[in-house]
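All remarks here apply to the structure that follows.
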Amino acid sequence: MTTVLDLLSCYLDERGVGHVRLDGGVSWAARAEAQRTFDADPACEVFLLSTRAGGLGINLTAADTVIIYDSDWNPHQDLQAMDRCHRIGQTRPVLVLRLATGRSVEGRMLARAAEKLRLERVVIQKGAFLHVDEKKKGGAGGLSHEELLALLADEGREEAQGLQPQDASLSDEQLDAVLDRSHLLHNKARPYPDAGPGYEVVHQISGSGLLQGVE
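Per our numbering, the very first residue in the sequence shown carries number 1; after that it's consecutive.
What follows is the structure in structure tokens.
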């Protein structure tokens with residue numbers, strides 16, 4: 001499960017990039033020391049972690065960029081890992097990037113993960129779990145007709161996007177535009193489209209707390 005971290009660590013060593021690592025084999029003492037190093041040492045630029053081991057119990061507000069190389073089957077594991085940068089004390093906009101292999105099973109896996117989050121939104125966050133008698137007493141109702149239509153439209157659009165070929169690759173200029181977060185700092189509209197060759201902007205649909213509206 002942590003082979004990707006091994007490869008990334010070797011790459012960062014070759015590039016001379018300071019980093020620390022957290023996975024299931026790291027002791028609690030080493031875990032705390034890694035967090036202190038990342039927070040205090042300017043030479044430590046990258047915090048490598050597995051989402052299962054590092055998704056809870058740490059504060060990484062020193063970071064403003066999250067890159068997910070290997071997505072989890074459970075979308076909430078990834079959301080918890082993203083949330084490490086959204087703790088109290090974070091003053092900068094956080095950019096979340098998820099890397100996925102085109103034309104592979106990974107795309108279908110991510111589509112299923114999005115469906116899980118959509119189901120959570122329908123069942124829990126819109127009050128669809130209430131019994132009929134509770135709704136009659138004035139409890140929060142389920143999804144309205146308009147909300148259901150919008151949700152189905154979102155699902156159809158995502159399926160269509162998932163079937164679109166992504167043969168082209170990002171140019172250096174396009175990659176710079178996607179990585180540019182100046183519009184987040186100044187609360188302006190995104191200067192690039194929602195989808196392009198090799199990338200797609202995914203809006204947070206879980207609606208949970210600090211992650212609402214994150215890009």
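Glycine included, C-beta positions come from ideal geometry on N, C-alpha and C.
DSSP places A195 in the strand class (E or B) of the three-state scheme. For V96, DSSP records a beta bridge to V66.
Distances from the CA of R181 to each of T65, E45 and G57 were compared; the closest alpha carbon is that of T65. Beta-bridge partners of F47 (DSSP): V20. According to the DSSP secondary-structure assignment, E200 is paired through a beta bridge with A195.
If you look at R103, you'll find it isn't in any alpha helix (DSSP H); DSSP assigns it neither H nor E. Collapsing the DSSP output to three states places V26 in coil. Judged by DSSP in its simplified three-state form, P42 adopts coil rather than helix or strand.
For D194, the closest alpha carbon among the candidates Q174, H186, F47 and N187 is that of Q174. In this structure D83 is not in contact with I68, their Cβ atoms being roughly 13 Å apart against a cut-off of 8 Å. Counted as a single uninterrupted DSSP element, the alpha helix (DSSP H) harbouring R15 occupies residues T3 to R15.
E200 and H183 have their alpha carbons spaced roughly 17 Å apart. Per DSSP, the unbroken alpha helix (DSSP H) holding Q80 starts and ends at P75 to M82.
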